[in-house]
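Numbering (full-length UniProt numbering), first residue to last: 1 to 923.
One structure below.
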């Protein structure tokens, strides 16, 4: 077996392999490792003249192994790796040099197992009834059991389906024939969710509510992504016009972590979820306002899954009078993460993935490791990782290795983003848990540390915090952010009190010291130029059953939803995103060529750029120039849409297609003109180089291009004629009234799957994409003309704000449509916004009112307080004279308004075409 061979190093990283070969410093030194780009393949790394050459070893259909050969060298096949290695020890076999010196595996120090008073429990995975809604279980696959069975039963059967969207009347018609009756339709408020598949970029799932209060899932396939996007805009325009309930563009997220110490929790843990205690905390008013999403991570959790979830739900119900919905849960031994959301967000959440990674002894035991959950909230991707890393003051290097292992092997998010680890896959990534980093001070300083804690001299101690020191040296959590710590160390307390730290532990080998430390942390990493504001970060001081104190953090987070263009619907803009003059400086000794791969949800498929030119090869660095212009064509070229998009970039090698560095570029940075950028490249959490270049957005609003739904004028659309072409494709003719010319729109057959389920069943809406943000891409390469150097071409600037203020603050998402929940029988009272200010300004107050029963509290964003450290609002939302009346965010449930708020008129918007009809096929 290859695993027993000294030259086989398993899944070590590419950079670690290069380091091992460099230390050997002899030509012909070699090792084998697992490929990072192809599962089941290997990489043969050979050192020659101080450069590392990498050859891919690929298995064929018969599981025979072969080395990727140079031109003119015959391909040889081998049954096992050992035979391959022995063959290439001979000279003139096609490698840069023959294999001579084996680089041995490094022996890892055995990790001392920690005594555990309670054996690790394996909690129940399946929660009966509606409590399991949306929980995909242990795997990171999309839960689609019904889809598989239906496909097998109706394989090869195709039925046409005609769809008609009437924006004015607020109805969507599903017809089985072109001349069929229009008695089968769904009203706008029965359209629960639009789900864009990540696996097939032309597929759309429409989740509707039937007459019997059940849900029906209908699946369609469009001709291309633009057609699907246009149809989604029509549906969203219809919902916006009739519902009066705008989608939120900011939500509040609670993140909590607690090492429970294998002890049952106390009966009252409300202070944790109310962000009360020490540090940056909430006041009494803010602590009563519910968050939109609660993420709860625990370590050394002795409870079963259902018991702990019921405890958390009951606590939140007592605080908010809301029954929160379970989004997902994942457990690895005693490490657990639970995600809950408000009921009104149930149909905004989809693409739920769960996974876990073991980092215990030999990376085989789950006493240490991580559990994680990811999902889409409308068009914004979220990732949450709860980890319990190796303990011990002297084991910070092992903790760093735990972090890298978790980064590499957590399988979350869009599978088409395989070149990127989880640090780049999500708009917002939160990392919480017992990270176990300690104070790097001698044990003799224990009493002095306790004295400084009593004096609240935290900053001096934090300068010796191992996590802060490792982050400063860019060993872990590169480019993550953490709110300032203003609370005392959360470990190690004497149980049942928070007045005494216990820093010694008697063991058979002697006395072990556990200095007071900030072991329990919350960090985050978001895409550039997105809105995130932390409003609390602290720990409780009244939950004392464990030797750790629970830690909480709360955030306001910007989100996006289904885009609806405000431009003239008779004109469809075309445009492009241009990258030029890109230069990468890579920290590597590899001898290879490189190219750039571009990924984004605004692209129909990923784009592969031309090969770069290696210009300099100094000791340990390669400078690569990508002189050719690369033009990316977005699905939608509307400036308002593009400014919220991001481009993920991966620098890959031509010999192995492995990534040597990844980064993210925000299109908002090029809002007005050609902009140069400089970004840090990372791979598996390590800095691997830099990428510089120029980016330019080109739009040409008003230019006639291909229409999404045929040809139209300013008048309302009416279906004119529908003509089938063949069994698999049909066309739709749309023409306005009195319009003489006809335009045919070609639509492919789709597969329609209808599944009914009761409210107690598992919801279909919880396992695919919501209203917006498909991240599907194809796999074809796109080459562009190559030039040695490009100068910035003439740009097409975006429309600039008419506000002449030169001190404009950094851009934040606007306007803020905030989520809130309240009872349906409340009446507007005397809570008014301050003149000239918004509902969230400091001039707004909440007047207490008497209720016969405990009311449902409004959302955090409507609490009437201005949090410290919150980014400035855009100019149009600042207090001042001559401001237009601002629109009130609406509740997301029928007949419910926020108490003490004045009802304002609905937001004006330009309508899309009145109605439209498309043709699809049905299974």
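Built from N, CA and C at the ideal position, the CB exists for glycine as well.
In terms of alpha-carbon separation, which member of the options lies closest to residue i?
i: residue 649; options: 640, 642, 655, 664; result: 664
i: residue 485; options: 453, 492, 515; result: 453
i: residue 355; options: 56, 413, 687, 292; result: 413
i: residue 446; options: 397, 388, 514; result: 514
i: residue 456; options: 488, 586, 254, 162; result: 488
i: residue 614; options: 624, 81, 605; result: 624
i: residue 64; options: 51, 50, 42; result: 42
i: residue 418; options: 100, 662, 686, 681; result: 662
i: residue 306; options: 236, 338, 220, 465; result: 338
i: residue 256; options: 269, 247, 249; result: 269
i: residue 23; options: 406, 6, 101, 57; result: 101
i: residue 530; options: 165, 25, 666, 379; result: 666
i: residue 516; options: 173, 440, 675; result: 440
i: residue 557; options: 429, 320, 59; result: 429
i: residue 451; options: 483, 617, 435, 500; result: 500
i: residue 218; options: 194, 225, 226, 470; result: 194
Considering just the uninterrupted stretch of the beta strand (DSSP E) at residue i, what are its terminal residues?
i: residue 506; result: 504-507
i: residue 191; result: 191-196
i: residue 83; result: First-last for residue 83: 81-87, but that is the alpha helix (DSSP H), not the beta strand (DSSP E).
i: residue 203; result: 203-209
i: residue 219; result: 215-221
i: residue 524; result: 520-526
i: residue 511; result: 510-513
i: residue 273; result: Element bounds for residue 273: not the beta strand (DSSP E) but the alpha helix (DSSP H), 270-273.
Within a Cβ cutoff of 6 angstroms, which residues of the same chain sit near residue i, ignoring the five residues on either side of it in sequence?
i: residue 298; result: 258, 260, 336
i: residue 11; result: 34
i: residue 51; result: 589, 591
So what's residue i in DSSP terms, helix, strand or just coil?
i: residue 236; result: helix
i: residue 261; result: coil
i: residue 588; result: coil
i: residue 443; result: helix
i: residue 582; result: strand
i: residue 454; result: helix
i: residue 345; result: helix
i: residue 487; result: coil
i: residue 162; result: strand
i: residue 637; result: coil
i: residue 14; result: helix
i: residue 863; result: Because residue 863 carries a pLDDT of 43, less than 50, the predicted location of this residue cannot be relied on, and the following value inherits that uncertainty. Coil, per DSSP.
i: residue 418; result: coil
Terminal residues of the continuous alpha helix (DSSP H) containing residue i?
i: residue 315; result: 305-320
i: residue 284; result: 284-287
i: residue 471; result: 466-472
i: residue 404; result: 396-409
Would you say residue i and residue j are within 7 angstroms of each other, going by their C-beta atoms?
i: residue 300; j: residue 262; result: yes
i: residue 343; j: residue 358; result: no
i: residue 383; j: residue 426; result: yes
i: residue 18; j: residue 589; result: yes
i: residue 697; j: residue 629; result: no
i: residue 652; j: residue 598; result: no
i: residue 220; j: residue 204; result: yes
i: residue 637; j: residue 575; result: yes
i: residue 935; j: residue 532; result: No information on residue 935 is available, as it lies outside the stretch 1 to 923 that the chain covers here.
i: residue 292; j: residue 323; result: no
i: residue 564; j: residue 237; result: yes
i: residue 280; j: residue 546; result: no
i: residue 548; j: residue 490; result: yes
i: residue 561; j: residue 411; result: no
Leaving out five residues before and five after residue i in sequence, what residues of the same chain have Cβ atoms less than 7 angstroms from its Cβ?
i: residue 239; result: 188, 191
i: residue 600; result: 645, 646, 647, 648
i: residue 113; result: Note that residue 113 scores a pLDDT of 49, beneath 50, so its modelled location is shaky and nothing firm can be said.
i: residue 53; result: 46, 96, 591
Taking 6 angstroms as the cut-off, does the CB of residue i come closer than this to any heavy atom belonging to the ligand ADP?
i: residue 307; result: No copy of the ligand ADP occurs in the structure displayed, which carries no ligand at all.
Please work out which residues of its chain come closer than 8 angstroms, Cβ to Cβ, to residue i, disregarding the five sequence neighbours upstream and downstream, and give them in chain order.
i: residue 681; result: 584, 586, 651, 660, 661, 662, 663, 687, 688, 689, 690, 691
i: residue 464; result: 439, 440, 441
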